[in-house]
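**Student:** For the sequence shown, our numbering assigns the number 954 to the initial residue and increments by one for each residue that follows.
Take a look at this one; I'll ask things after.
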Amino acid sequence: MLKKMIALLVLSLGVAPLVAATNTDSSQPTASQQQGSMQQASSVHWYTNYNQAAAQAQKEKKPLLLFFTGTDWCGWCKKMDQEIFSSPDFAKAAGNEFVFVELDYPMNKKLPQDEAQQNASLKQKFGITGYPTVVILDPNGNFIAESGYRPGGGKAYADYLKQLVQ
């Protein structure tokens, strides 16, 4: 009797993942579909090369948004990226209003030497002492404003940034 119960338990545990995998409820998007739609909705393009971004900002006559971040260690940076910069609302409201530059200061990954030197130079130039920090520059590279994390989500932050550049 005990052997039959164990065999039945093992069989049911082995079959359950197969049944779950064949669930074809088309009303629920798969994880890859959700991620793909997020990438399409979030159209903010991030430069890592400041000089390229500055040239683009001048060409398009748009302000630069510099995001000083620690992508692999800074909790508030991750929160800002997830709640604000990665939100479709932010992309929709501000994606075409700025030229975006991510300046990363990681602890656990190594940046290319030229990028690390560029980021260190910009950190010193703007006197960055904490993360996350957002610096807004006009299309000619002149300082407009500095900010950090603000609650309220993507659209609220986009509206705030637009007020800063007016």
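Even for Gly, the Cβ is constructed at its ideal location relative to N, Cα and C.
Note that the structure is a prediction, hence the values are computed from the model and not measured.
Going by Cα to Cα distance, which pick from Gln-1011, Thr-1086, Ala-1109, Gly-1028 is closest to Leu-1056?
**Tutor:** Start at 1 with the first residue of the sequence shown, and residue 1056 comes out as number 103. Of the listed residues, the one whose Cα sits closest to Leu-1056 is Thr-1086.
**Student:** Once the 5 residues before and after Phe-1038 are set aside, which same chain residues still bring their CB inside 6 Å of it?
**Tutor:** To locate residue 1038, count along the sequence shown from 1; it is residue 85. Counting only Cβ-Cβ distances below 6 Å, and skipping sequence neighbours, we find nothing.
**Student:** Terminal residues of the continuous beta strand (DSSP E) containing Phe-1021?
**Tutor:** Indexing the sequence shown from 1 puts residue 1021 at position 68. Counting along the chain, the beta strand (DSSP E) containing Phe-1021 begins and ends at 1017–1022.
**Student:** Going along the chain, which unbroken runs of the alpha helix (DSSP H) with 4 or more residues stay wholly within the region 1063–1108?
**Tutor:** With a minimum length of 4 residues, the continuous alpha helix (DSSP H) runs that stay inside the region 1063–1108 are 1066–1078.
**Student:** Where Glu-1050 and Pro-1059 are concerned, what is the direct C-alpha to C-alpha distance, given to the nearest angstrom?
**Tutor:** For the purposes of this step, residue 1050 is taken as the residue at position 97 of the sequence shown. For the purposes of this step, residue 1059 is taken as the residue at position 106 of the sequence shown. Rounded to whole angstroms, Glu-1050 to Pro-1059 spans 27 Å at the Cα level.
**Student:** Looking at the strands, I want to know which residues DSSP matches up with Tyr-1110.
**Tutor:** As a first step, residue 1110 is located in the sequence shown; it is residue number 157 there, counting from the start. DSSP lists no partner for Tyr-1110.
**Student:** Using a Cβ-Cβ cut-off of 8 Å (strictly less than) and excluding sequence neighbours within five positions of Pro-1083, which residues of its own chain qualify?
**Tutor:** Translated into the one-based positions of the sequence shown, residue 1083 becomes position 130. The residue you asked about is not Pro; residue 1083 is Gly in the sequence shown. So the list reads Gly-1101, once near-sequence residues are dropped.
**Student:** Quick one: Cα of Ala-1069 to Cα of Gln-1009, how far?
**Tutor:** Here the question's residue 1069 lines up with position 116 in the sequence shown. Here the question's residue 1009 lines up with position 56 in the sequence shown. Going by the C-alpha atoms only, they are around 21 Å apart.
**Student:** State buried or exposed for Asn-1002, treating a residue as buried only when at least 16 other CB atoms are found within 10 Å of its CB.
**Tutor:** Position 49 of the sequence shown, counted from the start, is the residue given in the question as residue 1002. So Asn-1002 ends up on the exposed side.
**Student:** Count the other CB atoms, across all protein chains shown, that sit within 10 Å of the CB of Phe-1096; report buried if there are 16 or more and exposed otherwise.
**Tutor:** Your numbering for residue 1096 matches position 143 in the sequence shown. It is exposed - the Cβ of Phe-1096 has fewer than 16 other Cβ atoms within 10 Å.
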